[in-house]
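Heads up: the sequence shown at position 252 corresponds to 252 in my numbering, and the numbers run straight through without jumps.
Yeah, the Cβ is synthetic: ideal placement off N, Cα and C, and Gly gets one too.
Please read all numbers here as calculations on a predicted model, not as lab measurements.
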Amino acid sequence: MADPIIDHLRNPTSRLNLKATPRGRAAIEGIVADALIDGRGLSAKELEDVLTADLPLDNSFIENLWNDPKNKPFVEKFMNNELCKRCAEGDPVSLEAYKVYAVQDYFYLVDYVKFKALRLATVLQYDLNALKTELQSVSHTYGDAEGWKKTCIDDLGIDSAVFNTAERSVAELAYANFLQNNCRMEDWFNLHVIVIACIYGWSVLSLKLYNDPKTDKTTQFYKTFIEGNLDLSDPENPQLARSARTLSAFLTANSQRWTSIIDDKEQYGLLFRTSLRLEVALFNSGYEKV
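Take a look at the structure:
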């Protein structure tokens with residue numbers, strides 16, 4: 001059976017044929033883009049070897065951050081955020097707040113496209129292949145944002161006019177600023193650390209909610225958030241999403257093989273904690289308009 005991530009790695013001009021959240025797809029597209037650009041960690045061949053090895057994926061990089069005592073309070077607040085907890089239980093007010101949050105998440109995705117565009121300036125002037133790779137990644141990420149907007153309109157019942165009249169929340173603006181402050185060339189690895197919260201973290205949170213007997217599995221929150229962040233090919237044995245597993249393996253392999261560039265700096269703990277705080281703030285912003 002064809003592997004959609006390996007297929008995309010071998011043919012990055014094609015769309016990523018992987019069932020995932022827009023953020024999950026964007027994360028994979030970012031990983032593939034960096035693997036194809038010299039000087040940004042694992043090569044495409046090395047990444048393919050990691051993802052196809054007949055071994056359990058090594059999660060040590062993320063697990064070290066996730067379980068660090070300094071980070072635990074932030075992980076716990078993220079895992080127990082009010083919006084996801086109450087939406088999973090089917091609380092009507094919170095389900096309306098999820099719609100407000102969904103619009104802010106769309107704005108985040110739009111700002112992520114802008115962030116990807118800013119990274120074009122980090123490509124060496126003579127490296128046209130790298131520029132082409134980054135442009136393709138920007139184009140794909142734009143498609144992810146448009147896909148989420150369509151989900152918001154078709155599945156969540158949000159009026160399309162809202163996307164033209166709603167304002168970005170303070171939390172979303174802070175998140176966008178955080179992204180833009182980490183788009184320098186030497187910080188290519190930072191991007192992948194920043195998205196741990198919304199790729200790996202969302203998947204761990206969704207697995208917790210999926211297994212909670214109080215979770216209402218008839219809501220659009222369940223269908224668009226919980227299901228979207230899990231691998232449910234075997235519903236009796238749910239797994240973290242493929243995007244989460246791939247990100248984890250990518251981070252660990254790079255940290256092990258590129259120790260001269262990527263070391264165990266406190267900066268990664270700070271990036272991780274900040275992104276968790278921003279995720280919680282963005283979740284909470286859903287209640288501002290209900």
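Legend entry - Straight-line Cα distance separating aspartate 231 from aspartate 155: 20 Å
Legend entry - Assigned secondary structure, aspartate 54 (DSSP; H/G/I helix, E/B strand, else coil): coil
Inset, instruction - Note down, in chain order, each residue of its chain lying with its Cβ closer than 7 Å to the Cβ of glutamate 68, except the 5 sequence neighbours on either side. - result: One point to set straight first is that residue 68 is aspartate, not glutamate, in the sequence displayed. Once the five neighbours on either side are set aside, the close Cβ partners of aspartate 68 are Gly269.
Inset, instruction - Assuming leucine 276 contacts glutamine 104 (C-beta within less than 8 Å), just tell me the rounded distance between them. - result: Actually they are not in contact, since the Cβ atoms of leucine 276 and glutamine 104 sit about 17 Å apart, beyond 8 Å.
Inset, instruction - Taking 8 Å as the threshold, find out whether the segment 37 to 55 comes into contact with the segment 142 to 150 through three or more Cβ pairs. - result: no
Inset, instruction - Give the C-beta separation of serine 243 and alanine 27 to the nearest angstrom, bearing in mind that I take them to be a contact with Cβ-Cβ under 8 Å. - result: 5 Å
Inset, instruction - Can you give me the Cβ contacts of tryptophan 188 inside the same chain, cut-off strictly under 7 Å, excluding the 5 residues immediately before and after it? - result: Asp34, Arg40
Inset, instruction - Specify, as a first and last residue, the run of the alpha helix (DSSP H) that leucine 18 falls within. - result: Here leucine 18 belongs to no alpha helix (DSSP H), and DSSP marks it neither H nor E.
Legend entry - Cβ shell of histidine 8 (< 6 Å), same chain only, five flanking positions each side left out: Leu16, Val32
Legend entry - Cα-Cα separation between threonine 151 and glutamate 48, rounded to whole angstroms: 31 Å
Inset, instruction - Please state whether DSSP places leucine 240 in a helix, a strand or coil. - result: strand
Inset, instruction - Would you kindly report the start and end of the unbroken alpha helix (DSSP H) that includes threonine 274? - result: 266 to 284
Legend entry - Whether serine 285 touches tyrosine 112 by CB criterion (8 Å): no
Inset, instruction - List the DSSP bridge partners of aspartate 231. - result: Gln239
Inset, instruction - Can you give me the start and stop residues for the alpha helix (DSSP H) that serine 206 sits inside? - result: 202 to 210
Inset, instruction - Determine the DSSP secondary structure at glycine 30, reduced to helix, strand or coil. - result: helix
Legend entry - Residue from Lys70, Gly30, Met79, Lys149 whose Cα sits closest to the Cα of leucine 251: Gly30
Legend entry - With 16 other Cβ atoms within 10 Å as the buried cut-off, status of alanine 249: buried
Legend entry - Element boundaries [alpha helix (DSSP H), containing arginine 86]: 82 to 88
Legend entry - Cβ separation of glutamine 136 and proline 12, assumed to be a contact under 8 Å, to the nearest whole Å: 6 Å
Inset, instruction - Please name the residue in Asp3, Glu288, Gly24, Arg10 whose C-alpha comes closest to that of glutamate 167. - result: Glu288
Inset, instruction - Assign lysine 149 to one of three DSSP states: helix, strand, or coil. - result: helix
Inset, instruction - Assign serine 260 to one of three DSSP states: helix, strand, or coil. - result: Bear in mind that the predicted position of serine 260 carries a pLDDT of just 49, short of 50, making it unreliable; the figure below should be weighed with that in mind. Looking at serine 260 - three-state DSSP - the assignment turns out to be coil, as it is neither helix nor strand.
Inset, instruction - Please state whether DSSP places asparagine 182 in a helix, a strand or coil. - result: coil
Inset, instruction - Go ahead and label glutamate 279 buried or exposed: buried means 16 or more other beta carbons lie within 10 angstroms of its beta carbon, across all protein chains shown. - result: buried
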